[in-house]
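J.: If you count by the working numbering, then the sequence shown holds residues 20 to 133, one letter each, in order.
Take a look at this one; I'll ask things after.
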Amino acid sequence: MVTKKQIAVAKEYLAGKTIKGIWVNSEAELFTSEDLAKKSDEDAEFVKNTKEEKVSDEDAQAENLKLLEDTELIKENYPVMAALIKAFAIKTVGKNADTYIEALTQFKETLKTN
Numbered sequence: 020m021v022t023k024k025q026i027a028v029a030k031e032y033l034a035g036k037t038i039k040g041i042w043v044n045s046e047a048e049l050f051t052s053e054d055l056a057k058k059s060d061e062d063a064e065f066v067k068n069t070k071e072e073k074v075s076d077e078d079a080q081a082e083n084l085k086l087l088e089d090t091e092l093i094k095e096n097y098p099v100m101a102a103l104i105k106a107f108a109i110k111t112v113g114k115n116a117d118t119y120i121e122a123l124t125q126f127k128e129t130l131k132t133n
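This is how it looks when you write it as C-alpha cells:
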C-alpha cells in the first residue's frame, strides 16, 4: 500500500519538473511507466504533478513560430511539421509530408504579409 510518505517522495521529485506525473510504489520507488510500476507493486499509484508549469498561450505561440522559422520543410522533418500543423490548427487535405510542406509554406507566406 502506498502511503502519504511515498506520495510525498513522488511530489518532491516532481517539484520544478514539467512532466504530468510519476508512478510510485510502496517502497517509494519511482517509475515513468505504469506497467513497470504495477509489476513492482500491484498497489503502485500515479501521483499527478499539481505544480506543473503552465505555458501561456502567448508563450506557446511564440515557441511554435520560432520552431516554424527554424524548421526546414523537408520530408525528414515530418514529425515536427505534423506538430506545427496541429499547433497552428492548419486544415490540410491529407496527412503526407508534401501536403504539410505546402500548407506550412503557405502559412509562412501569410505571416510575412500580415
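The C-beta atom is built at its ideal place from N, Cα and C for all residues, glycine as well.
Taking contact to mean at least 3 C-beta pairs separated by less than 8 Å, is the segment 81-97 in contact with the segment 56-71?
T.: Output reads no: the segment 56-71 does not touch the segment 81-97.
J.: Here's the rule I'm using: 16 or more other beta-carbon atoms within 10 Å means buried, otherwise exposed. How should residue 71 be labelled?
T.: Within the sequence shown, residue 71 is the residue found at index 52, counting from 1. Because residue 71 carries a pLDDT of 48, less than 50, the predicted location of this residue cannot be relied on, and no value is offered for it.
J.: So what does residue 49 bridge to, in DSSP terms?
T.: Counted from its first residue, the sequence shown places residue 49 at position 30. Residue 49 is bridged to 43.
J.: On the CB-based measure, 16 or more other CB atoms within 10 Å of its CB, does residue 44 come out buried or exposed?
T.: Within the sequence shown, the letter at position 25 stands for residue 44. Buried: at least 16 other Cβ atoms inside 10 Å.
J.: Run through DSSP, which three-state label would residue 66 get?
T.: Counting from 1 along the sequence shown, the entry for residue 66 is found at position 47. DSSP places residue 66 in strand when its eight states are reduced to three.
J.: Quick one: what does DSSP say residue 91 is sitting in, helix, strand or coil?
T.: Looking up residue 91 in the sequence shown gives position 72. If DSSP states are grouped into helix, strand and coil, residue 91 belongs with coil.
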